[in-house]
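In our numbering, the protein residues as written are 27 to 221.
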């Protein structure tokens, strides 16, 4: 774990642990209804101030607490277009299986990549520190997972490009000199031509 990631995760852990003091609270608007107030948002007095914990402009966590629920939204680091696509595919895959994760929402909050909804029912049936551990472990692993997918994608692209160039070379569609230049550029070498 990097030196900048450790304090970021520690801040998320302590804030989430403090915010997980949830209690059963019936709706003040509709009788005999007990909905997550952070989702419904009809009674402003039971909503607490949202907190944003930011590592940088590309990585942040939004914690929206209320009396009986917490919505936690995560913006995952995406350095380039490939990481954006991989992150979108990964989070979409997870959200389609939201019922398996229990606390995962099917749709993230606008401006974030993935959201979790923790209610007082979850804290009553599960251990609070285990819920926090799950969220922190998810935050640690998602960056590693996307980086591994990116490396795998680049390796596959390199194999496909080499295979394509080999096919072109064997069919003599381009001169050998041009194939040599393409191979050098493919392997990171640059040719600057003889003026």
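Using N, Cα and C, we set each Cβ at its ideal position, and we do this for glycine too.
Since the structure is predicted, the reported quantities are computational estimates derived from the model, not experimental observations.
Quick one: residues in its chain with C-beta nearer than 8 Å to the C-beta of residue i, no 5 flanking neighbours on either side, listed in chain order?
i, result
"residue 158", "39, 42, 43 and 46"
"residue 51", "60, 63, 72, 93, 94 and 146"
Out of the options, which has the shortest C-alpha to C-alpha gap to residue i?
i, options, result
"residue 129", "143, 154 and 185", "143"
"residue 173", "111, 148 and 75", "111"
"residue 224", "91, 82, 78 and 83", "In the structure displayed, the chain extends from 27 to 221; residue 224 sits before or after that span and is not available."
"residue 37", "169, 161, 189 and 191", "161"
"residue 77", "115, 28, 70 and 98", "98"
"residue 96", "156, 149, 188 and 31", "149"
"residue 48", "136, 83, 152 and 58", "152"
Nearest-angstrom Cα distance between residue i and residue j?
i, j, result
"residue 103", "residue 85", "5 Å"
"residue 163", "residue 61", "28 Å"
"residue 177", "residue 131", "29 Å"
"residue 124", "residue 89", "19 Å"
"residue 196", "residue 120", "44 Å"
"residue 28", "residue 127", "27 Å"
"residue 137", "residue 82", "15 Å"
"residue 122", "residue 135", "15 Å"
Within its chain, find whatever has a CB closer than 7 Å to the CB of residue i; leave out the 5 residues flanking it on each side and keep chain order.
i, result
"residue 80", "86"
"residue 220", "Residue confidence for residue 220 is low, a pLDDT of 46 falling below 50, so the modelled location carries little weight and cannot support an answer."
"residue 75", "none"
"residue 54", "69"
Ignore the nearest five residues each way along the sequence and tell me which others in residue i's own chain have a CB closer than 6 Å to its CB.
i, result
"residue 117", "139 and 140"
"residue 175", "112"
"residue 34", "81"
Could you tell me which residues DSSP puts in a beta bridge with residue i?
i, result
"residue 107", "Looking at the DSSP assignment, residue 107 forms no beta bridge with any residue, so it has no partner."
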